[in-house]
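In the working numbering, the protein residues as written are 1 to 173.
Put into C-alpha coordinates, the structure is as follows:
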(Lines of atoms letter the chains of each structure in order from A and count residues from 1; the text may use other names and numbers.)
(Lines give C-alpha, C1' and ligand atoms only; values in the text may rest on other atoms or scores of the structure.)
Protein backbone atom coordinates (compact mmCIF):
# COMPACT_ATOMS: atom_id res chain seq x y z
CA UNK A 1 0.00 0.00 0.00
CA UNK A 2 1.77 3.12 -1.12
CA UNK A 3 0.14 6.53 -0.76
CA UNK A 4 -3.20 4.83 -0.85
CA UNK A 5 -6.68 5.54 0.16
CA UNK A 6 -9.04 2.60 0.21
CA UNK A 7 -12.82 2.24 0.29
CA UNK A 8 -12.33 0.85 3.80
CA UNK A 9 -10.41 3.96 4.85
CA UNK A 10 -13.14 6.18 3.40
CA UNK A 11 -15.75 4.15 5.35
CA UNK A 12 -13.69 4.45 8.56
CA UNK A 13 -13.29 8.23 8.06
CA UNK A 14 -17.07 8.56 7.58
CA UNK A 15 -18.11 6.46 10.59
CA UNK A 16 -20.01 8.19 13.38
CA UNK A 17 -17.70 8.88 16.32
CA UNK A 18 -19.13 6.06 18.46
CA UNK A 19 -18.66 3.48 15.69
CA UNK A 20 -15.13 4.72 14.92
CA UNK A 21 -14.29 4.57 18.64
CA UNK A 22 -15.55 0.97 18.77
CA UNK A 23 -13.55 0.02 15.65
CA UNK A 24 -10.37 1.53 17.10
CA UNK A 25 -10.97 -0.17 20.46
CA UNK A 26 -11.10 -3.51 18.62
CA UNK A 27 -7.69 -2.72 17.15
CA UNK A 28 -6.17 -1.55 20.46
CA UNK A 29 -7.71 -1.43 23.94
CA UNK A 30 -5.86 1.78 24.89
CA UNK A 31 -8.41 4.59 25.08
CA UNK A 32 -5.59 7.19 24.83
CA UNK A 33 -4.39 5.64 21.55
CA UNK A 34 -7.94 5.51 20.19
CA UNK A 35 -8.67 9.10 21.21
CA UNK A 36 -5.52 10.38 19.50
CA UNK A 37 -6.43 8.62 16.26
CA UNK A 38 -10.06 9.66 16.45
CA UNK A 39 -9.10 13.32 16.84
CA UNK A 40 -7.08 13.18 13.60
CA UNK A 41 -9.78 11.85 11.29
CA UNK A 42 -10.24 12.03 8.39
CA UNK A 43 -7.02 10.37 7.24
CA UNK A 44 -6.05 11.13 3.63
CA UNK A 45 -4.14 7.84 3.20
CA UNK A 46 -3.55 4.55 4.95
CA UNK A 47 0.04 5.70 5.54
CA UNK A 48 -1.24 8.77 7.40
CA UNK A 49 -3.34 6.47 9.59
CA UNK A 50 -0.27 4.29 10.29
CA UNK A 51 1.85 7.35 11.09
CA UNK A 52 -0.79 8.61 13.51
CA UNK A 53 -0.97 5.16 15.12
CA UNK A 54 2.81 5.00 15.52
CA UNK A 55 2.96 8.51 16.98
CA UNK A 56 0.12 7.75 19.41
CA UNK A 57 1.82 4.49 20.44
CA UNK A 58 5.09 6.34 21.13
CA UNK A 59 3.26 8.71 23.51
CA UNK A 60 1.48 6.06 25.59
CA UNK A 61 2.25 6.08 29.31
CA UNK A 62 2.92 2.90 31.28
CA UNK A 63 -0.75 2.98 32.36
CA UNK A 64 -1.91 3.36 28.76
CA UNK A 65 0.27 0.39 27.74
CA UNK A 66 -1.21 -1.66 30.58
CA UNK A 67 -4.71 -0.81 29.34
CA UNK A 68 -3.73 -1.86 25.80
CA UNK A 69 -2.23 -5.15 27.03
CA UNK A 70 -5.35 -5.96 29.03
CA UNK A 71 -7.12 -6.42 25.70
CA UNK A 72 -4.84 -9.30 24.71
CA UNK A 73 -5.27 -12.91 25.86
CA UNK A 74 -2.22 -15.00 26.79
CA UNK A 75 -0.39 -16.69 23.91
CA UNK A 76 -1.77 -20.18 23.47
CA UNK A 77 -5.14 -19.26 24.99
CA UNK A 78 -7.05 -17.06 22.51
CA UNK A 79 -10.33 -15.66 23.78
CA UNK A 80 -13.14 -18.13 23.06
CA UNK A 81 -15.29 -16.84 20.22
CA UNK A 82 -12.75 -14.13 19.30
CA UNK A 83 -11.72 -14.68 15.67
CA UNK A 84 -9.03 -11.98 15.88
CA UNK A 85 -7.04 -13.58 18.71
CA UNK A 86 -7.52 -17.05 17.17
CA UNK A 87 -6.24 -15.83 13.78
CA UNK A 88 -3.30 -13.97 15.30
CA UNK A 89 -2.29 -16.93 17.44
CA UNK A 90 -2.69 -19.51 14.68
CA UNK A 91 0.97 -20.55 15.19
CA UNK A 92 0.04 -22.12 18.52
CA UNK A 93 -3.05 -23.93 17.22
CA UNK A 94 -1.12 -26.93 15.90
CA UNK A 95 1.51 -26.93 18.65
CA UNK A 96 2.20 -30.12 20.56
CA UNK A 97 0.72 -30.54 24.02
CA UNK A 98 4.30 -30.31 25.31
CA UNK A 99 4.83 -26.92 23.69
CA UNK A 100 1.44 -25.66 24.88
CA UNK A 101 2.30 -26.73 28.44
CA UNK A 102 5.71 -25.06 28.18
CA UNK A 103 4.08 -21.84 26.92
CA UNK A 104 1.63 -21.89 29.81
CA UNK A 105 4.53 -22.17 32.29
CA UNK A 106 6.51 -19.45 30.53
CA UNK A 107 3.44 -17.18 30.32
CA UNK A 108 2.90 -17.55 34.06
CA UNK A 109 6.57 -16.88 34.87
CA UNK A 110 6.54 -13.84 32.58
CA UNK A 111 3.32 -12.52 34.09
CA UNK A 112 4.71 -12.98 37.59
CA UNK A 113 7.85 -11.02 36.69
CA UNK A 114 6.26 -8.19 34.69
CA UNK A 115 2.68 -8.09 35.98
CA UNK A 116 1.02 -8.50 32.58
CA UNK A 117 0.55 -11.02 29.78
CA UNK A 118 3.40 -11.78 27.42
CA UNK A 119 2.60 -9.74 24.34
CA UNK A 120 4.07 -10.45 20.93
CA UNK A 121 2.95 -9.80 17.39
CA UNK A 122 2.08 -13.46 16.87
CA UNK A 123 0.79 -13.15 13.30
CA UNK A 124 2.85 -15.50 11.17
CA UNK A 125 4.95 -16.76 14.10
CA UNK A 126 5.25 -20.43 14.97
CA UNK A 127 4.69 -21.73 18.46
CA UNK A 128 8.43 -22.36 18.74
CA UNK A 129 9.24 -18.78 17.72
CA UNK A 130 6.84 -17.44 20.35
CA UNK A 131 8.33 -19.75 22.98
CA UNK A 132 11.85 -18.63 22.11
CA UNK A 133 10.78 -14.98 22.29
CA UNK A 134 9.29 -15.31 25.77
CA UNK A 135 12.40 -17.19 26.93
CA UNK A 136 14.58 -14.34 25.68
CA UNK A 137 12.39 -11.49 26.85
CA UNK A 138 11.90 -12.80 30.38
CA UNK A 139 15.52 -11.72 30.93
CA UNK A 140 14.68 -8.08 30.11
CA UNK A 141 14.44 -5.34 32.70
CA UNK A 142 10.96 -3.88 33.24
CA UNK A 143 11.94 -0.81 31.21
CA UNK A 144 13.36 -2.85 28.31
CA UNK A 145 10.26 -5.01 28.27
CA UNK A 146 7.90 -2.01 28.32
CA UNK A 147 9.60 -0.67 25.18
CA UNK A 148 9.54 -4.12 23.54
CA UNK A 149 5.82 -4.37 24.32
CA UNK A 150 5.30 -0.89 22.82
CA UNK A 151 7.00 -2.07 19.60
CA UNK A 152 5.00 -5.31 19.49
CA UNK A 153 1.72 -3.44 20.10
CA UNK A 154 2.61 -1.06 17.28
CA UNK A 155 3.03 -4.02 14.91
CA UNK A 156 -0.26 -5.57 16.05
CA UNK A 157 -2.07 -2.24 15.64
CA UNK A 158 -0.79 -1.86 12.08
CA UNK A 159 -2.01 -5.35 11.17
CA UNK A 160 -5.40 -4.69 12.74
CA UNK A 161 -5.71 -1.24 11.16
CA UNK A 162 -4.84 -2.78 7.78
CA UNK A 163 -7.69 -5.25 8.22
CA UNK A 164 -9.99 -2.39 9.23
CA UNK A 165 -9.27 -0.25 6.14
CA UNK A 166 -9.08 -3.14 3.67
CA UNK A 167 -12.31 -4.81 4.72
CA UNK A 168 -14.92 -5.04 2.03
CA UNK A 169 -17.71 -5.46 4.57
CA UNK A 170 -20.35 -2.84 4.97
CA UNK A 171 -20.51 -0.86 8.20
CA UNK A 172 -21.88 -2.85 11.10
CA UNK A 173 -23.71 0.00 12.87
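The beta-carbon is built from N, C-alpha and C at its ideal position, and this holds for glycine as well.
None of these values were measured; they are calculated from a predicted model.
- For a cut-off of 8 Å, the C-beta gap from residue 74 to residue 118 is around 7 Å, short enough to register as a contact.
- Between the C-alpha atoms of residue 105 and residue 66 there is a straight-line separation of about 21 Å.
- The C-beta distance from residue 91 to residue 122 rounds to 6 Å, short enough to meet the 8 Å contact threshold.
- Taking all protein chains shown into account, residue 108 has fewer than 16 neighbouring C-beta atoms within 10 Å of its C-beta and is therefore exposed.
- Rounded to whole angstroms, residue 152 and residue 120 show a C-alpha spacing of 5 Å.
- From the listed residues 164, 142, 146 and 163, the smallest Cα separation to residue 57 is found for 146.
- Here DSSP, grouped into helix, strand and coil, assigns residue 122 to coil.
- Counting along the chain, residue 53 sits inside the alpha helix (DSSP H) bounded by residues 46-59.
- Nearest to residue 48 by alpha-carbon distance, out of 96, 5, 93 and 156, is 5.
- Close CB contacts of residue 112 within its chain, under the 6 Å cut and outside five residues either way in sequence, are absent.
- Non-local C-beta neighbours of residue 25 in its own chain, meaning closer than 7 Å and more than five positions away in sequence, comprise 34, ordered along the chain.
- Taking C-beta atoms under 8 Å as the contact rule, residue 99 and residue 127 qualify, at a distance of about 5 Å.
- About 4 Å separates the beta carbons of residue 165 and residue 9, which is inside the 8 Å limit, making them a contact pair.
- Sorting 139, 155, 14 and 149 by C-alpha distance to the C-alpha of residue 62 places 149 at the top.
- Within the same chain, 68 and 157 come within 6 Å of residue 28 by CB-CB distance, once the 5 residues on both sides are set aside.
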